[in-house]
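This report concerns only the one structure given below.
2 protein chains.
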Amino acid sequence: MTAVPVSMTDVRELVDGALRAAVGRLDPRTYRVAAYHLGWADEEGHPRDAPAGKALRPALALLSARAALAPPESGLPGAVAVELVHAFSLLHDDIMDRDRTRRHRPAAWTVFGEPSAILAGDALLALALEVLLEAPGQGSSRAARSVAVTTRRLIAGQSLDMDFETRRQIGVDECLTMSSDKTAALIACSCSIGAVLDGASEPLADALEAFGADLGIAFQLVDDLLGLWGDPAATGKPALSDVRSRKMSLPVVAALNADGPEAKRLAKLYAQPERTEDELAAIPPLVEAAGGRAWAELEAERRIQRAAEHLVTARLPDAVRAEFLHIADFITRRDH
Amino acid sequence: MTAVPVSMTDVRELVDGALRAAVGRLDPRTYRVAAYHLGWADEEGHPRDAPAGKALRPALALLSARAALAPPESGLPGAVAVELVHAFSLLHDDIMDRDRTRRHRPAAWTVFGEPSAILAGDALLALALEVLLEAPGQGSSRAARSVAVTTRRLIAGQSLDMDFETRRQIGVDECLTMSSDKTAALIACSCSIGAVLDGASEPLADALEAFGADLGIAFQLVDDLLGLWGDPAATGKPALSDVRSRKMSLPVVAALNADGPEAKRLAKLYAQPERTEDELAAIPPLVEAAGGRAWAELEAERRIQRAAEHLVTARLPDAVRAEFLHIADFITRRDH
Numbered sequence: 001m002t003a004v005p006v007s008m009t010d011v012r013e014l015v016d017g018a019l020r021a022a023v024g025r026l027d028p029r030t031y032r033v034a035a036y037h038l039g040w041a042d043e044e045g046h047p048r049d050a051p052a053g054k055a056l057r058p059a060l061a062l063l064s065a066r067a068a069l070a071p072p073e074s075g076l077p078g079a080v081a082v083e084l085v086h087a088f089s090l091l092h093d094d095i096m097d098r099d100r101t102r103r104h105r106p107a108a109w110t111v112f113g114e115p116s117a118i119l120a121g122d123a124l125l126a127l128a129l130e131v132l133l134e135a136p137g138q139g140s141s142r143a144a145r146s147v148a149v150t151t152r153r154l155i156a157g158q159s160l161d162m163d164f165e166t167r168r169q170i171g172v173d174e175c176l177t178m179s180s181d182k183t184a185a186l187i188a189c190s191c192s193i194g195a196v197l198d199g200a201s202e203p204l205a206d207a208l209e210a211f212g213a214d215l216g217i218a219f220q221l222v223d224d225l226l227g228l229w230g231d232p233a234a235t236g237k238p239a240l241s242d243v244r245s246r247k248m249s250l251p252v253v254a255a256l257n258a259d260g261p262e263a264k265r266l267a268k269l270y271a272q273p274e275r276t277e278d279e280l281a282a283i284p285p286l287v288e289a290a291g292g293r294a295w296a297e298l299e300a301e302r303r304i305q306r307a308a309e310h311l312v313t314a315r316l317p318d319a320v321r322a323e324f325l326h327i328a329d330f331i332t333r334r335d336h
Numbered sequence: 001m002t003a004v005p006v007s008m009t010d011v012r013e014l015v016d017g018a019l020r021a022a023v024g025r026l027d028p029r030t031y032r033v034a035a036y037h038l039g040w041a042d043e044e045g046h047p048r049d050a051p052a053g054k055a056l057r058p059a060l061a062l063l064s065a066r067a068a069l070a071p072p073e074s075g076l077p078g079a080v081a082v083e084l085v086h087a088f089s090l091l092h093d094d095i096m097d098r099d100r101t102r103r104h105r106p107a108a109w110t111v112f113g114e115p116s117a118i119l120a121g122d123a124l125l126a127l128a129l130e131v132l133l134e135a136p137g138q139g140s141s142r143a144a145r146s147v148a149v150t151t152r153r154l155i156a157g158q159s160l161d162m163d164f165e166t167r168r169q170i171g172v173d174e175c176l177t178m179s180s181d182k183t184a185a186l187i188a189c190s191c192s193i194g195a196v197l198d199g200a201s202e203p204l205a206d207a208l209e210a211f212g213a214d215l216g217i218a219f220q221l222v223d224d225l226l227g228l229w230g231d232p233a234a235t236g237k238p239a240l241s242d243v244r245s246r247k248m249s250l251p252v253v254a255a256l257n258a259d260g261p262e263a264k265r266l267a268k269l270y271a272q273p274e275r276t277e278d279e280l281a282a283i284p285p286l287v288e289a290a291g292g293r294a295w296a297e298l299e300a301e302r303r304i305q306r307a308a309e310h311l312v313t314a315r316l317p318d319a320v321r322a323e324f325l326h327i328a329d330f331i332t333r334r335d336h
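Top to bottom, those sequences are chains A and B. Under my numbering, the first residue of the first sequence carries the number 1, and numbering increases by one thereafter. Under my numbering, the first residue of the second sequence carries the number 1, and numbering increases by one thereafter.
This is how it looks when you write it as structure tokens:
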């Protein structure tokens with residue numbers, strides 16, 4: 001069997017068909033919301049071409065199959081499942097967080113209403129498990145269990161994130177715990193699920209998961225940096241939206257926990273019930289002056305290095321290891 | 001091994017421990033919402049004794065294990081899973097339907113807010129699959145798949161139900177399809193899941209599921225009848241709440257599709273944007289006069305009879321068949 005090249009650009013095509021077949025099982029009303037959210041259709045249900053998202057998790061899942069010396073296609077149910085869980089979490093998070101924009105478009109709940117968006121999210125979660133449990137081979141059940149446990153962690157992370165919004169003092173460690181659950185857990189699951197589906201040994205699966213856990217934290221750190229200093233045209237999020245929503249992102253929390261006048265001024269701005277546009281615009285420079293930006297950049301680099309070390313432990317084929325590192329590199333250098 | 005008696009009153013105790021152990025895995029914030037919703041805690045998180053719900057689905061799941069000649073305990077992961085899926089669907093449905101009361105208490109979303117209630121529902125769904133996938137034995141994966149497919153049907157049913165609210169013309173057949181997905185699918189899954197966990201043959205699993213599908217429609221018909229003519233003190237729902245929310249329940253749809261002056265008057269009252277209290281109170285008698293009540297009562301009886309025939313096909317032990325029929329009888333005669 002010829003190995004399908006699993007570079008980030010080819011993945012979407014490989015996964016797209018399987019993803020569409022899975023989502024096509026939903027009832028027509030729920031399908032419409034899901035197709036809009038996934039970028040396949042406009043608000044009226046007409047097809048559109050623009051792909052949604054980076055397909056990072058499916059790419060990792062297919063690579064993960066190759067890490068176990070299996071053809072990438074054998075990781076396909078895993079790739080579909082992690083993308084569905086990701087889509088589910090974005091759909092519901094947007095409702096919970098009152099985020100009105102997702103990937104340059106109105107969030108699904110603003111278009112179809114909250115009830116339909118809640119229901120479509122539920123459907124995508126259940127579908128992820130359904131797809132995995134249909135996969136041939138013994139690894140299917142273990143992979144599905146990994147996705148179920150990962151979803152519990154995703155929820156714990158979102159729950160802690162919402163809790164942060166009501167609190168004054170947040171430590172860097174608990175903020176890292178939150179990101180580890182909310183973001184890194186699904187990336188870790190993606191990095192191991194293809195191998196798990198192929199019945200990989202525990203040590204290999206563990207090493208791939210550890211790689212993904214560090215990669216995931218790096219991903220979140222870069223995401224948080226982009227939220228403060230990224231180009232809105234590239235990120236698809238309005239400028240200062242993280243600041244406006246008082247998001248307790250890692251650089252902000254690191255800055256708030258630093259000593260010095262900038263940290264104090266920052267804390268004051270975060271405690272204020274109302275902030276002017278000028279005050280909002282002053283926040284990113286204050287985070288930087290308090291050392292939050294440098295810390296986050298260094299921590300992201302450190303995590304990527306540690307992630308790479310897990311790949312050495314895993315003794316992967318050179319080509320597979322190179323692709324994993326390529327994705328890690330993409331994550332740290334991306335602009336959206 | 002001594003067979004544990006699986007009468008409706010003993011089930012709660014048997015299932016309660018396993019259910020609490022599962023829900024105990026959730027993060028403390030999500031746990032609190034779930035514990036309130038399940039009736040274990042009050043709004044402050046203090047324990048309370050009153051059990052929530054009838055534990056109908058867990059009772060069926062344990063009986064289902066006995067139908068496969070397995071001890072009822074082997075159906076426990078299935079009993080926990082179907083109760084978790086049921087709890088998930090009630091949590092989310094209450095948000096979608098704007099129902100403020102559940103089992104005589106304020107609905108969880110009115111107490112903890114929508115975001116926390118959405119998240120707790122997600123957690124209960126994922127947990128259902130997690131519990132099943134940990135169950136020992138080969139049947140675990142097949143049972144989990146059944147729950148995932150059932151959840152997709154649950155969602156299709158709720159989606160169609162929400163669609164009904166926006167429409168004038170609804171046929172009795174599509175209303176039966178809706179109930180079959182929204183209500184009967186999970187009851188059918190409950191009736192087969194214990195046997196499936198034990199690795200039952202396809203014909204046995206199919207017969208048990210067919211029993212549950214007819215039982216489930218009967219259950220919904222009785223529920224709809226109670227919604228119109230039940231005692232609010234027993235049902236826990238305010239009087240006329242189904243009528244007020246324009247719920248397209250089976251007796252109402254049957255009445256609307258009948259000929260005659262009562263059906264016309266009923267259609268007019270359902271089309272009116274505003275209705276007085278007197279007009280609302282006139283609806284149940286109109287449904288009855290148009291034949292909706294008699295049709296629903298007869299259809300429920302017919303479904304229970306058909307359900308019983310599936311049990312004959314399944315060739316169950318006499319004691320197990322008697323308990324299934326006992327539950328069917330309980331369902332048709334209940335007052336809440």
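Just so you know, even glycine gets a beta-carbon here, dropped at the ideal spot from N, CA and C. Given the structure is predicted, the values throughout are model-derived calculations rather than measurements.
_Inter-stretch contact at 8 Å, needing at least 3 Cβ pairs: the region 124 to 135 of chain B / the region 80 to 93 of chain B_ = The region 124 to 135 of chain B, when compared against the region 80 to 93 of chain B, does touch it at the 8 Å Cβ threshold.
*If A:T313 and A:A207 are in contact, beta carbons under 8 Å, what's the gap, nearest whole angstrom?*
5 Å
_Between the region 60 to 68 of chain A and the region 226 to 238 of chain A, can you find at least three pairs of beta-carbon atoms closer than 8 Å?_
Counting Cβ pairs under 8 Å, fewer than three are found: no touch.
*Using a Cβ-Cβ cut-off of 6 Å (strictly less than) and excluding sequence neighbours within five positions of A:M178, which residues of its own chain qualify?*
G157, L160, D161
*Kindly confirm or deny that the region 31 to 41 of chain B and the region 103 to 118 of chain B touch, where touching means at least three C-beta pairs closer than 8 Å.*
By the C-beta criterion, the region 31 to 41 of chain B is judged to be in contact with the region 103 to 118 of chain B, since at least 3 inter-stretch pairs fall below 8 Å.
*Run of the alpha helix (DSSP H) containing A:Q305, from where it starts to where it stops*: For A:Q305, the enclosing alpha helix (DSSP H) covers residues 292 to 314.
_Between A:L76 and the ligand COA, is there a pair consisting of the residue's CB and a ligand heavy atom that are separated by less than 6 Å?_
Among the components of this structure there are no ligands whatsoever, and the ligand COA is therefore not found.
*Count the C-beta pairs between the region 248 to 268 of chain B and the region 282 to 301 of chain B that are closer than 8 Å, then say yes if the count reaches three, no if not.*
yes
*asked:* Is A:A143 close to chain B? Criterion is C-beta to C-beta, closer than 7 Å.
replied: no
*Give the DSSP-derived three-state secondary structure of A:R105 in the structure shown.*
A:R105: strand per DSSP, three-state reduction.
*For my contact list, B:V15 and B:P58 are in at a C-beta cut-off of 8 Å; report their separation, rounded to the angstrom.*
4 Å
*asked:* Run through chain B and tell me which residues come within less than 8 Å of A:M96, C-beta to C-beta.
replied: E114, P115, I118, L119
*For B:A239 versus B:G216, is the C-beta distance shorter than 7 Å?*
no
*For A:A47, which of helix, strand or coil comes out of DSSP?*
Correcting the residue type first, residue 47 of chain A is Pro in the shown sequence and not Ala. The answer is strand: DSSP assigns A:P47 an E or B state.
_Residue of A:L316, A:L60, A:R168 minimising C-alpha distance to A:P273_ = A:R168
*Using a Cβ-Cβ cut-off of 7 Å, state whether B:H86 counts as contacting chain A.*
Not a single CB atom of chain A sits nearer than 7 Å to the CB of B:H86.
_Buried/exposed call for A:T30, threshold 16 Cβ in 10 Å_ = buried
*Cα separation between B:A79 and B:E13?*
12 Å
_Based on DSSP bridge pairs, tell me the residues matched to A:A41._
A:P47
*Whole angstroms is fine: what's the gap from A:L119's alpha carbon to A:R315's?*
43 Å
*Measure the alpha-carbon distance for B:L250 versus B:R153 and round it to whole angstroms.*
18 Å
*If you draw a straight line from the C-alpha of B:T235 to the C-alpha of B:D335, how long is it?*
7 Å
*How many Å lie between B:K264 and B:E174 at the Cα?*
When only Cα atoms are considered, B:K264 and B:E174 end up about 20 Å apart.
*For the region 166 to 178 of chain B, which residues have a CB atom closer than 7 Å to at least one CB atom of chain A, in sequence order?*
Listed by position along the chain: nothing, the set is empty.
*A:A282 versus A:P136, A:A296, A:L266, residue with shortest Cα-Cα distance*: A:L266
*With DSSP collapsed to three states, give me the class of A:T150.*
helix
*Starting from the Cα of A:D278, find the closest Cα among A:V243, A:T332, A:G199, A:H326 and give me that residue.*
A:V243
*Apart from the five residues just before and just after A:A213, which ones in its own chain have a Cβ nearer than 6 Å to its Cβ?*
Same-chain partners within the cutoff: A184, A188.
*asked:* In this structure, how does DSSP classify A:L14 when only helix, strand and coil are distinguished?
replied: Correct three-state label for A:L14: helix.
*If the cut is a Cβ gap below 8 Å, which residues of chain A does B:A156 touch?*
The answer, in chain order, is L26, D27, T30.
*Exposed or buried, what is B:L298 when buried is set at 16 or more other beta-carbons lying within 10 Å of its beta-carbon?*
exposed
*Applying a beta-carbon distance threshold of less than 8 Å, which residues of chain B neighbour A:H92?*
I118, L119, D122
*Residue-chain proximity (A:S159, chain B), Cβ-Cβ < 7 Å*: yes
*Can a CB atom of chain B be found closer than 7 Å to the CB of A:M162?*
yes
*asked:* Can you check whether the C-beta of A:V80 is within less than 7 Å of a C-beta belonging to chain B?
replied: no
_Below 8 Å on the Cβ atoms is my contact criterion, and I expect A:V11 with A:L62 to pass it. Report the Cβ-Cβ distance as a whole number of Å._
6 Å
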